[in-house]
Amino acid sequence: MIPLVGFKKELDLQVAIVHEVAALVQKEKKVKIAYSVGTMIEIPRGALTADEIAQTAEFFSFGTNDLTQTCLGMSRDDSGSFLGAYTENEIVKKNPFASIDQTGVGQLVKIAAEKGNQTRPGIKLGICGEHGGDPDSVKFCHKVGLTYVSCSPFRVPVARLAAAQAAIEEKRAAAKAPAKKK
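When we follow my numbering, the leftmost residue of the sequence shown carries the number 32, and every step to the right adds one.
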């Protein structure tokens, strides 16, 4: 997984190195290893050019911690000094470093997922970071087509429960939807 990609050529150069090293290791060890190479979508440009990046990337893992910081222009490390006032003044409803800002950062995730799928139908899409342990964030990610979560071990039970709830809610909504006429 190549981090902080904003340009397709940047990814292309790194993927070439990965393949070169993988070939050398496989030759030296006399083994064949199946692997895929993808990228972390952590900066807005990477999300907005996901159609180009998906020409090379075999998967996207949304690094929502860094994507939040770069999208909002806020440092997670400094947020304690102003987030209370932002919440009190209703600038933000929730801490965007704990639960995905669905109308801002979330739209970048949605755009990238759609663009990635246009270029590479069925591209593997997931979330990586502490947002992966937030039920609202997991449900949002499910809704926009992400299929895996990578988060801290202690957050895994919550992530699994939220993913299961999202899948059940989706099935219930599909069952209630009127059948389309042909």
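Yeah, the Cβ is synthetic: ideal placement off N, Cα and C, and Gly gets one too.
Distance CB(A144)-CB(V175) smaller than 8 Å: On the sequence shown, residue 144 is found 113 positions in, with the first residue counted as 1. On the sequence shown, residue 175 is found 144 positions in, with the first residue counted as 1. It is a contact, given that the beta carbons lie within the stated cut-off.
Stretch pair the region 110-122 + the region 49-69: three plus CB contacts closer than 8 Å: no
Best match in S183, G157, D167 and A85 for proximity to A197 [C-alpha to C-alpha]: Along the sequence shown, one-based indexing puts residue 197 at 166. It is D167 whose Cα lies nearest to the Cα of A197.
The region 67-76 in contact with the region 41-50 per 3-pair CB rule at 8 Å: yes
Through-space distance from I199 to P209, alpha-carbon basis: As a working mapping, residue 209 is identified with position 178 in the sequence shown. As a working mapping, residue 199 is identified with position 168 in the sequence shown. Approximately 18 Å, taken between the alpha carbons.
Backbone secondary structure at G77 - three-state DSSP: Start at 1 with the first residue of the sequence shown, and residue 77 comes out as number 46. Helix, per DSSP.
Where R191 falls, given that 16 or more other Cβ within 10 Å makes a residue buried: Reading the sequence shown from its first residue, position 160 is the one you call residue 191. R191 is exposed by the Cβ-count criterion.
Sequence-distant residues of its chain with Cβ nearer than 8 Å to S181 (five each side left out): Counting from one through the sequence shown, the residue named residue 181 turns up at place 150. Correct list, in chain order: S92, G157, I158, C159, G160 and G163.
Continuous alpha helix (DSSP H) stretch holding Y117: start and end: Locating residue 117 in the sequence shown gives position 86, counting from the first residue. Y117 -> alpha helix (DSSP H) spans L114 to E119.
For C159, the three-state DSSP class (helix, strand or coil): By one-based count along the sequence shown, residue 159 stands at place 128. It is a strand residue.
Unbroken stretches of the alpha helix (DSSP H), 4 residues or longer, contained in the region 82-107: 95-103
Inter-residue spacing [alpha-carbon to alpha-carbon] between V140 and P184: Here residue 140 refers to the residue found at position 109 of the sequence shown. Here residue 184 refers to the residue found at position 153 of the sequence shown. If you take the alpha carbons of V140 and P184, they lie about 23 Å apart.
DSSP beta-bridge partners of M32: The count along the sequence shown starts at 1 and reaches residue 32 at position 1. For M32, which the question treats as bridged, DSSP gives no partner whatsoever.
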